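Novice:
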Amino acid sequence: MKEGDRVIIIKSKNYKGRTGTITDEPTILEKWNEQKQKFEDVKIYRVRLDNFNGHCLFFKESEIKK
587 MKEGDRVIII KSKNYKGRTG TITDEPTILE KWNEQKQKFE DVKIYRVRLD NFNGHCLFFK
647 ESEIKK
């Protein structure tokens, strides 16, 4: 996924099913995986939601799809 892609939120308590547009390149954070005993990269995307007064929210890559 890249900037400008249209996405749908698939895992969120309040925003599931909403659509939006990715506004920036993803931010990459490291998360400790207890089972594998190593750090893993997690991509965080900023999404401008449709019909939401131009507000942006952040979602993990696993929470959105094209």
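According to our numbering, the residues represented by the sequence shown are 587 to 652, in order.
Quick reminder that beta carbons are idealized off the backbone N, C-alpha and C, glycines included.
This one's a predicted model, so the numbers in the text were calculated from it and none came from an experiment.
D627: which of L635, L615 and T609 sits nearest, CA to CA?
Specialist: Working through the sequence shown from its first residue, we reach residue 627 at position 41. Residue L615 is the option with its Cα nearest to D627.
Novice: Is the separation between the beta-carbon of P612 and that of K629 shorter than 7 Å?
Specialist: As a first step, residue 612 must be located in the sequence shown, where it is residue number 26. As a first step, residue 629 must be located in the sequence shown, where it is residue number 43. Contact flag set, yes.
Novice: Using alpha carbons as the reference points, say which of I594, K597, D610 and G603 lies closest to K588.
Specialist: Translated into the one-based positions of the sequence shown, residue 588 becomes position 2. Out of I594, K597, D610 and G603, D610 has the C-alpha closest to the C-alpha of K588.
Novice: Looking only at its chain, what residues have a beta carbon closer than 6 Å to the beta carbon of Y631, apart from the 5 residues adjacent to it on each side?
Specialist: In the sequence shown, residue 631 corresponds to position 45, counting from 1. Answer for Y631: I608, P612 and F645, listed in chain order.
Novice: Out of curiosity, what's the CA-to-CA distance linking F649 and K624?
Specialist: Counted from its first residue, the sequence shown places residue 649 at position 63. Counted from its first residue, the sequence shown places residue 624 at position 38. Position check: residue 649 holds Glu in this sequence, whereas Phe was assumed. C-alpha separation (whole angstroms): 22 Å.
Novice: Give, in chain order, every unbroken run of the beta strand (DSSP E) that is at least 3 residues long and sits entirely within the region 609-643.
Specialist: With a minimum length of 3 residues, the continuous beta strand (DSSP E) runs that stay inside the region 609-643 are 613-619 and 624-635.
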